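Here UniProt numbering is used: the first residue of the sequence shown is 1, the next is one more, and so on. A quick write-up on the structure given underneath.
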Amino acid sequence: MYKLVAKVLTKRLGLVMDSLISKNQSAFIKGRLLVDGVLVVNEVVEWVKRAKKKCLIFKVDFKKAYDSPIGASKWMPNGTN
């Protein structure tokens, strides 16, 4: 029964996923690739260099922030998951 419900929900969510997820989200969505974000950052860096502009790029290490119990306790209330 669980597998059937999961498949139905997956198919139904797939129809509206583009309207729910921002166009900036480039990973884990059908038709979008994880490397799209990397390519965009590379293009921005190249543009900044050519235009001789100032730029600040902020990189978050999600593995450290969310995948470890220590990182999770920093973000979750009372250290709960």
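Where a beta carbon is used, it is the ideal one built from N, C-alpha and C, also for glycine. Note that the coordinates shown come from a computational prediction; the quantities given were computed from them, not determined experimentally.
Rounded separation between residue i and residue j - CA only
{"i": "residue 84", "j": "S22", "result": "Only positions 1 to 81 of the chain appear in the structure, and residue 84 is not among them; the question remains open."}
{"i": "A10", "j": "K53", "result": "In the sequence under discussion, the amino acid at residue 10 is Thr, which differs from the Ala named in the question. Cα to Cα, T10 sits roughly 44 Å from K53."}
{"i": "L15", "j": "V40", "result": "26 Å"}
{"i": "L4", "j": "R50", "result": "53 Å"}
{"i": "K59", "j": "R32", "result": "20 Å"}
{"i": "Y2", "j": "L56", "result": "46 Å"}
{"i": "M17", "j": "A6", "result": "15 Å"}
{"i": "D36", "j": "S26", "result": "6 Å"}
Assigned secondary structure, residue i (DSSP; H/G/I helix, E/B strand, else coil)
{"i": "residue 82", "result": "Because the chain in this structure spans residues 1 to 81, residue 82 falls outside the shown range and cannot be described."}
{"i": "K49", "result": "helix"}
{"i": "R32", "result": "coil"}
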